[in-house]
Amino acid sequence: MNKIIVSSFFILSILLSVGAVYALGLNLVWWVDYNGGLDDWAYGIETDSLNNVIVTGVSYDSSFRGKYHTIKYDSNGNFIWEKTYDSGGNDIGWAVATDSQNNVIVTGQSRSRYYTIKYDSNGNELWSTGTSGPFGTAYGISTDFQNNIVVVGTSGGNYYIIKYAPTGSIIWTKSHNAGGTDYAYDVAIDPQNNILVTGTSSKGGFTRNYHTAKFDSNGNLIWSKEYGGAGWDEAWGITSDSFNNVIVTGRAQSNHPNDYLNRFHTIKYDLNGNEIWSAGEIIGTAWDICTDSENNIIVTGGYVVSGKRNYYTVIYGPGGDVIWNDIHPVGGLGEPWGVVADSENNIIATGVSRISGSDNYYTIKYKLAPKDNPPKPEIILPNPKELPMDHISKILGIGSRRPIGEIMDEGNTSDTS
């Protein structure tokens, strides 16, 4: 591991108010990208008990045929292993989870059906399984305290949930009808092993609502909640905290009917589904959410500044107050689709950045600045000698950003990218 002190490249973030855990905010520790030669989009991210970082997504070939591509990094951003799944059709890895044994489980779509793969901590495949019923796409995955695996997505126009045992055998399946054309995009497990699912329900025309449902460990519905109005409102991420509260995020238009622009919108419910607070006025799309050990809430998504699409990350305290936020420029096109907090409350986000005409996986890690012991202004770089040629790590310093790509129109209700 190379450790380089670069004080002139020290990344200062915007601090809106000081929370109990943070003083100076978060400092960029490292970033790493993956270029498979054409377009590569990272959608899912998770850490394991050793704070290794696992990302998954899709890598496209010259025929624009996708393959699952999963990469494991250590906590310093050094490459450990990568795995590709190619059915010969179109395969997209949408989400990744880990269990207590540091196994890695990825899910997504293969030939327009759910397909889930479990690897051990060294990247050896343990099993894989797919659905044989109606067409569908798995978008979210999580593991419970018994290392069971819960996969969610859409099939037949409904939320479709599968719970697997650690061995890959199916425990149960459930189809949940939210009253429209329904897409479940994310799943989380609360401290009581309940299953939390969020996504969107289309009510016809240009109207979509957040739809969040809580199930017990046997798949029985406990409650469901909707948020939305006349606009295009889509929930993309869900998480829980130590008090069994449920927090969802996504993009909403209905709260601003005068312009119908997409805005970050985060809602916190108590364990019974009662709304505690909602927040978010940033124009953009919030794609993912997580909580840290202090029950702070981290949201990431895409945000346009001066015509450039950037990573945007915001931390809310448990009461909904903004503790910290950061705009991370990656050039003309950057979109973070996943975020996770590790056991040290560091934050890692992943997504896409367009570099030299192609889209690459792009993963960044922020290190916390404790109130009583701010970190030294140092950036830890992965050792380039240990990385394959298509894994490039750099300091994001002055002069290193290239103008790339085109901005997305946040007023376009058909945009899901």
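Just so you know, the UniProt record's numbering puts the end of the sequence shown at 417, numbered straight through with nothing missing.
We treat Cβ as the ideally placed atom computed from N, Cα and C, and that holds for glycine.
Roughly how many angstroms separate the alpha carbons of residue i and residue j, rounded to a whole number?
i, j, result
"I327", "D288", "16 Å"
"H69", "N52", "17 Å"
"I54", "K72", "4 Å"
"V339", "D40", "18 Å"
"N258", "R251", "16 Å"
"L368", "E344", "8 Å"
"V248", "I189", "13 Å"
"L126", "W81", "16 Å"
"T363", "W324", "20 Å"
"S393", "N148", "Confidence in S393 is poor, its pLDDT being 33 and thus under 50, which makes the residue's placement too unreliable to answer from."
"residue 425", "W31", "Residue 425 lies beyond the residue range present for the chain, which begins at 1 and ends at 417; the question has no answer from this structure."
"R354", "S224", "38 Å"
"G37", "G219", "42 Å"
"S240", "P318", "11 Å"
"G284", "W337", "13 Å"
"D103", "G157", "Per the sequence shown, the amino acid found at residue 103 is Asn instead of Asp. If I take the Cα positions, the gap works out to 31 Å."
"Y159", "F215", "12 Å"
"A286", "A165", "31 Å"
"S110", "K163", "18 Å"
"S87", "R65", "10 Å"
"T350", "G93", "14 Å"
"A279", "G357", "36 Å"
"D144", "D99", "8 Å"
"Y316", "I45", "20 Å"
"K118", "S306", "42 Å"
"A95", "W172", "20 Å"
Going by DSSP, what residues sit across from residue i in a beta bridge?
i, result
"G301", "A286, Y312"
"T173", "I162"
"A138", "G153"
"D40", "S59"
"W277", "K268"
"G351", "P336, Y362"
Helix, strand or coil, according to DSSP, for residue i in the structure here?
i, result
"E294", "coil"
"P336", "strand"
"A178", "coil"
"G66", "strand"
"S217", "coil"
"Q109", "strand"
"T266", "strand"
"S254", "coil"
"T363", "strand"
"E344", "coil"
"F79", "strand"
"D99", "coil"
"S121", "coil"
"S358", "strand"
"D241", "coil"
"F145", "coil"
"T47", "strand"
"L28", "strand"
"D321", "coil"
"P375", "With a pLDDT of 40 at P375, under the threshold of 50, the modelled position of that residue is not reliable, and no figure is offered here."
"residue 436", "The structure shown has nothing for residue 436, since the chain only spans 1 to 417."
"T167", "coil"
"D91", "strand"
Return the chain-ordered list of same chain residues with a C-beta closer than 7 Å to the C-beta of residue i, the five sequence neighbours on each side being excluded.
i, result
"H256", "R263"
"S254", "G228, G229, A230, G231, D233"
"D292", "I298, A341, N345"
For residue i, which residues from the same chain have a beta carbon less than 8 Å from its beta carbon, with the 5 sequence-adjacent residues on both sides left out?
i, result
"E226", "A178, S201, N209, Y210, H211, T212"
"N122", "W81"
"S132", "R113"
Does the beta-carbon of residue i have 16 or more other beta-carbons within 10 angstroms, so that it is buried, or is it exposed?
i, result
"E275", "exposed"
"A97", "buried"
"S267", "Rather than Ser, the amino acid found at residue 267 in this sequence is Ile. Result: buried."
"L221", "exposed"
"I170", "exposed"
"K385", "Note that K385 scores 27 on pLDDT, short of 50, meaning its location in the model is unreliable; the coordinates nonetheless yield the value given after this. The residue in question, K385, is exposed, as its Cβ has fewer than 16 Cβ neighbours within 10 Å."
"T167", "exposed"
"V106", "buried"
"N124", "exposed"
"N296", "buried"
"N78", "buried"
"D321", "exposed"
"D182", "buried"
Quick one: residues in its chain with C-beta nearer than 6 Å to the C-beta of residue i, no 5 flanking neighbours on either side, listed in chain order?
i, result
"T84", "K67, H69"
"G180", "S201, S202, K203"
"D186", "G140, T198, G237, I238"
"L271", "N244"
"G273", "W223, K225"
"G302", "G284, T285, R309, E335"
"S59", "G36, D40, K67, H69"
"G89", "R111"
The ligand GTP heavy atoms versus the CB of residue i: any closer than 7 Å?
i, result
"E335", "Here there are no bound small molecules, and the ligand GTP is not part of this structure."
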